[in-house]
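Trainee: Mapping of the sequence shown onto this note's numbering: position 60 corresponds to residue 68, and the numbering continues sequentially without gaps. By construction, the Cβ of each residue, glycine as well, lies at the ideal position given by its N, Cα and C atoms. Keep in mind the model is a prediction, meaning the values are calculated, not measured.
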Amino acid sequence: MNSYIQTLLEQRQYSPEVKEQAVLRILFGGEDPAQVMENLEIHDIYTINNWVNIYKRKIEDGLITLPPMTEKQKQNLHALQQRNKELERAVADANLMILALNTLIDVAEQDLKIPIRKKRGTKRS
Numbered sequence: 009m010n011s012y013i014q015t016l017l018e019q020r021q022y023s024p025e026v027k028e029q030a031v032l033r034i035l036f037g038g039e040d041p042a043q044v045m046e047n048l049e050i051h052d053i054y055t056i057n058n059w060v061n062i063y064k065r066k067i068e069d070g071l072i073t074l075p076p077m078t079e080k081q082k083q084n085l086h087a088l089q090q091r092n093k094e095l096e097r098a099v100a101d102a103n104l105m106i107l108a109l110n111t112l113i114d115v116a117e118q119d120l121k122i123p124i125r126k127k128r129g130t131k132r133s
């Protein structure tokens, strides 16, 4: 019985390479998740969808940069439009992060009297 449970657990473990390959094929290759699931012998579609959602969140958080587009993707108008939306979202998120960090610095400098930003014209040693 113990070996049966171990076998089940091993069947449900996927390497980071398999996860990344599945996600990249779906997000940037435009492949159908069901087809990727079948090709990579993944046990269910929910697993792949979970990996895709996690990967998307990492991209949005800036933990992962978008991979370069292939020549085939550059010729596909739909892929270019999707990439454009992803890049616009990334820029908007980056601008929001910059605004938040600048606000945090302003509050620290005003309320806590902590000089953080380097003043223009200060001498370097």
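1. Kindly confirm or deny that the segment 19-28 and the segment 47-54 touch, where touching means at least three C-beta pairs closer than 8 angstroms.
2. Closest to Ile68 by C-alpha separation, out of His86, Glu96, Glu79, would be which residue?
3. Taking C-alpha atoms, which residue in Leu35, Gln90, Asp119, Ile106 lies nearest to Trp59?
4. Applying the 10 Å Cβ sphere with the 16-neighbour rule, what's the burial state of Val115?
5. Classify Tyr54 as buried or exposed, calling it buried when 16 or more other Cβ atoms lie within 10 Å of its own Cβ.
6. Between Ala102, Ile124, Asp101, which lies nearest to Leu112 when the distance is taken from Cα to Cα?
Mentor: Looking at the coordinates:
1. In this structure the segment 19-28 lies against the segment 47-54, because at least three pairs of beta carbons, one per stretch, are closer than 8 angstroms.
2. Here residue 68 refers to the residue found at position 60 of the sequence shown. This sequence places Glu at residue 68; Ile is not what is there. Ranking His86, Glu96, Glu79 by Cα distance to Glu68 puts Glu96 first.
3. Here residue 59 corresponds to residue number 51 of the sequence shown, with the count starting at 1. Out of Leu35, Gln90, Asp119, Ile106, Leu35 has the C-alpha closest to the C-alpha of Trp59.
4. The sequence position of residue 115 within the sequence shown is 107, counting from 1. Val115 should be labelled exposed.
5. On the sequence shown, position 46 is the one that residue 54 refers to. Counting Cβ neighbours within 10 Å, Tyr54 comes out exposed, since fewer than 16 surround it.
6. Within the sequence shown, numbered from 1, the residue matching residue 112 stands at position 104. Selected option, being the one with the closest Cα: Ile124.
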